[in-house]
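Here the protein sequences come in this chain order: L and E.
With the first letter of the first sequence counted as 1, position 373 gets the number 426 in our numbering; the numbers rise by one all the way through.
With the first letter of the second sequence counted as 1, position 229 gets the number 230 in our numbering; the numbers rise by one all the way through.
These notes concern the structure reproduced below.
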Amino acid sequence: MLSPYRVLDLTDERGLLCGKILADLGADVLQVEPPTGNSARRIAPFYRDQPHADHGLFWWAYAANKRGITLDAARADGKALLERLIASAHFLIESGRPGEMAAMGLGYERLAEINPALIVVSITPFGQTGPYASYLASDLVGMGFGGFMYVTGDPDRAPLRVGFPHFYLHGAAAAASGAMIAHTQRVATGLGQHVDVSCQEAVARSLANSLAGYAIEGSVIVRQGAYRQMGGGAYMRITWPCRDGFVNFQFSGGASSGQSVNNFVRWMADEGMADEYLQSLDFKALGYGTVTKEMMDRIVPPVSRFLGERTKQQLFEAAIERRILLFPVATLGDILHDPQLEARGFFHQAPWPELDANPTLMGAFARMSATPLKAGGKPPRLGQHNIDVYVKELGLARADLCRLASAGVL
Amino acid sequence: MNAAATMQPFENLKILDFCWVAAGPMTTGYFAEYGATVVRVESRLRPDVLRSSPPFGGSGKGLNRSGYYANYNANKYALGLNLGTPKAIEIIKRMVAWADLVTENFTPGTMERLGLGYDELCKVKPDIILFSTSMLGRGGPNSKLPGFGAVLSSLSGLTAITGWPDRSPTNPYGAYTDFITPRFAVPTILAALDYRRRTGIGQHIDMSQLEVSLHFVAPLLLDRANNAREGARTGNRHDAAAPHGAFPCRGDDRWITITCMTDAHWAALRAVLGDPQWMRAERFATLLGRKREEDELEALLADSTRAWEAQALMRALQAADVPAGLVHSNKGVIEDPQLEQRGHFVYYDKPEIGRHPVQRSEFRLSRAPAARNWPTPFIGEHTREVCRDMLGMSEAEIEPLIAAGVLEVPDAAAASS
């Protein structure tokens, strides 16, 4: 869909996903790497545990479908080549610290001078301006500042992040939205602009109702482990152990959850395991966010006994039949064999001559009826497209290409 | 700057929006924020469940008081319409002819049952773009499974990998995946619109929120698939850095994140903490040493940080170039000076709900200030306006439909307050 557009992707692991989304949507994304390679190539895990610049699975995941060139923008020749690419590009994405591009003589004003239609996307922890703009943020630091950690985890332990680094992924994915919004405006005006992305804001937008909870009710939401605090004094339980793992079963009142819980209690009663108290409650009538901690204390023991005797699969199958909103807590292995994903052909196996294998790769994030997305794409090898871009496209003499490679510019 | 340079990106874009709950309305919220005309279809007979989700502003009962709902629906028009009536479907088809884009996140099959499947929409407008997002996507054995975001955290593996190694997994807070999907949905929709502009070809977008969410755990899935390694819960630790965690500070439930990604960070942390005896130990001098004895390292570091006030330690560490930060509660986020400076929260005052915040998108566009601003509408607030201005219906047409319950307008209490 985006095949007429060229994206220069200068990001490292903090911003790769933005260009990857645009690449999947069909844009020609050139990952511009330093001659020593993008730092994201060094992130574990590695294919077959071989630490190699082309074997990083983080790199596979977030550089797929891009083309790759090398260039040292700190060198005059490298910068000159980059400026030539900028002149005809449609997007430039970068994830340097605020001021880093300007220090290289490539601040937004300079970029707009070279190409007034260029959309420049800057992905930083806190945005280009403000009191934290210059703060250093690892992924964990960002998740804390975004408000995610405080509400996640067990009440008797430290606040907790989600189990895979998401701070920059949230920002980088949002950056793709910002880039395309700016593009839509450019179609009408012919003008580019600067898209200033804050990963902190992206995480803060991922907190469901908790922020409104403080702003409106003054309630500070605390982490509750398997439970969730629904405002002041209301709780629901979400995760439960079962015989061979865990299940997700939102135990709360309300129109849909309440009906599901009523159906579950009926199942327990059919098996002779629902006590009088459980059977006395009508969760649908109780309403969402109305079950108190005291009620949960009476509910949990019999429900835990019931779940503990059954496997994820047994519970899930019965849940579908009895219209109960109960789902397995899937392991990664479960996901690889998920019948729904299998039916939709999500995972891909692609021949990869350099590896002499058919590794499993990720599927597309959307199904388009007219323009199917590229799924299961591969990431570029270091400098894989230098000749295509520098020699064939920009007309650099082959001898000069070798000269610049030798000088450490490419 | 001339007018063209500051026009809204979506000034001429018209969206008929059936989305509800969080992922869908947040998606169309980006469009509303940047100037699209978004008409949200809703009925009092089957209101968005977020309308009855806490927190609630004001007092008493009512569907117009949820702060959760209000966060995603500002700048939209509210069309009250009972889709159970044939006349309503007729009105919807006129709206389809008006729209550039139709959005929905019902369980797959619902639009078809309403007579509003993609093929039907194409009969009205051959180049229409229909955006459909559902938990598990269209087709496949579990396509129609009901559920919501907290469930998808579990199905996507995010719950299994979140938590402490010695404890049960923990659900990431909230309907977490609902907030991942919009960031993929917006560029996908805009790419489809751009493609149609160039080629005249519309299409149906089918977005599985499970498949989108898997891209947020992709390297671990590739590891499982290609290296047969199952993901493990590691708390806040990092495989190639130590210390890397949240440590207690002075006060009640106060914490600081400290992450030493390099030897330089470790050296600077030592200096800021006054280089106590324990930090000078040989076993902590290397990354491998610190990883080997990480339990003890963390316990000792926690003893040191406990004496500090979190803000002071964070400032000292940032001044020494150590990535460290506050662990904000929801209160901390609302009061955060950085977010304040960015104008992240826009506060509105509206009858029934009262004063409440709406979050802006996570980017600032240098040429597109969000110009149009009104708070989330009451159910049916713009019914008359939409029918009159967008469909050209006369009052004589509109009022009987209101009386018949096909069109819905706010009840008298809301309208008069």
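Even for Gly, the Cβ is constructed at its ideal location relative to N, Cα and C.
Residue-chain proximity (residue i, chain E), Cβ-Cβ < 9 Å
i	result
R94 of chain L	no
A156 of chain L	no
G200 of chain L	yes
Y185 of chain L	yes
V275 of chain L	yes
D62 of chain L	no
L171 of chain L	no
V215 of chain L	yes
Y288 of chain L	no
Exposure of residue i, with buried meaning 16 or more beta-carbon neighbours within 10 Å
i	result
S418 of chain E	Bear in mind that a pLDDT of 43 at S418 of chain E, under 50, signals an unreliable position, so the number given afterwards is only what the model happens to contain. Exposed.
Y348 of chain E	exposed
L164 of chain L	buried
G85 of chain E	exposed
G231 of chain L	buried
Q332 of chain L	exposed
L447 of chain L	exposed
T519 of chain L	With chain L represented from 54 up to 463, any question about residue 519 of chain L goes unanswered, as that position is not in the structure.
P401 of chain E	exposed
T200 of chain E	exposed
D249 of chain L	buried
K73 of chain L	buried
T171 of chain E	buried
Y330 of chain L	exposed
G110 of chain E	exposed
Q103 of chain L	exposed
N3 of chain E	Any reading at N3 of chain E must be qualified, since the residue scores a pLDDT of 48, below 50, and its modelled position is unreliable; the value itself is stated next. Exposed.
H247 of chain L	buried
R281 of chain E	exposed
For residue j and residue i, the rounded distance between their alpha carbons
i	j	result
G118 of chain E	Y78 of chain E	23 Å
D441 of chain L	T123 of chain L	12 Å
P212 of chain L	R281 of chain L	14 Å
L70 of chain L	P376 of chain E	32 Å
V97 of chain E	F32 of chain E	17 Å
A114 of chain L	K431 of chain L	9 Å
R198 of chain E	W256 of chain E	51 Å
H143 of chain L	R94 of chain L	26 Å
Q342 of chain E	Y188 of chain L	15 Å
R356 of chain E	G58 of chain E	8 Å
L302 of chain E	W309 of chain E	11 Å
H219 of chain L	D323 of chain L	43 Å
T108 of chain E	R41 of chain E	18 Å
C252 of chain L	A226 of chain L	10 Å
D294 of chain E	H236 of chain L	The sequence given here has Glu at residue 294 of chain E, not Asp. Computed Cα separation, rounded: 50 Å.
N411 of chain L	N227 of chain E	9 Å
A416 of chain E	V60 of chain L	Bear in mind that a pLDDT of 46 at A416 of chain E, under 50, signals an unreliable position, so the model cannot answer this.
CB contact check: residue i to chain L, cutoff 9 Å
i	result
L270 of chain E	no
D412 of chain E	no
S418 of chain E	Model confidence at S418 of chain E stands at a pLDDT of 43, short of 50, so the residue's coordinates are unreliable; what they give is reported in the following sentence. Cβ-Cβ to chain L under 9 Å: no for S418 of chain E.
L146 of chain E	yes
Y174 of chain E	yes
A44 of chain E	The amino acid occupying residue 44 of chain E in the given sequence is Ser; Ala does not appear at that position. Judged by the 9 Å Cβ criterion, S44 of chain E is not in contact with chain L.
P370 of chain E	no
CB of residue i within 9 Å of CB of residue j, strictly
i	j	result
S52 of chain L	I274 of chain L	As shown, chain L starts at 54 and ends at 463. That puts residue 52 of chain L outside it, with no answer to give.
D421 of chain E	T104 of chain E	Lying before the first or after the last residue shown, residue 421 of chain E is absent from chain E, which here runs from 2 to 418.
G307 of chain L	L334 of chain L	no
N65 of chain E	P411 of chain E	yes
W165 of chain E	R251 of chain E	no
Y203 of chain L	V328 of chain E	yes
S309 of chain L	P147 of chain E	yes
H438 of chain L	M415 of chain L	no
S135 of chain E	A383 of chain L	no
P98 of chain L	R230 of chain E	yes
A300 of chain E	T260 of chain E	no
Residue i CB to nearest heavy atom of the ligand NAD below 8 Å
i	result
F299 of chain L	Of ligands this structure carries none, so the ligand NAD is not represented either.
Going along the chain, which unbroken runs of the alpha helix (DSSP H) with 4 or more residues stay wholly within the region 304-347 of chain L? 308-323, 329-333 and 336-339
Whole alpha helix (DSSP H) elements within the region 160-226 of chain E, 4-residue minimum: 182-200 and 210-215
Ignoring anything shorter than 3 residues or poking outside the region 249-291 of chain L, list the beta strand (DSSP E) runs there in chain order. 280-282
Write down every uninterrupted run of the beta strand (DSSP E) in the region 86-136 of chain E whose length is 3 residues or greater and which is fully enclosed by it, in chain order. 102-105 and 130-135
Any chance you could list the alpha helix (DSSP H) runs of at least 4 consecutive residues sitting entirely within the region 146-191 of chain L, in chain order? 153-156 and 161-167
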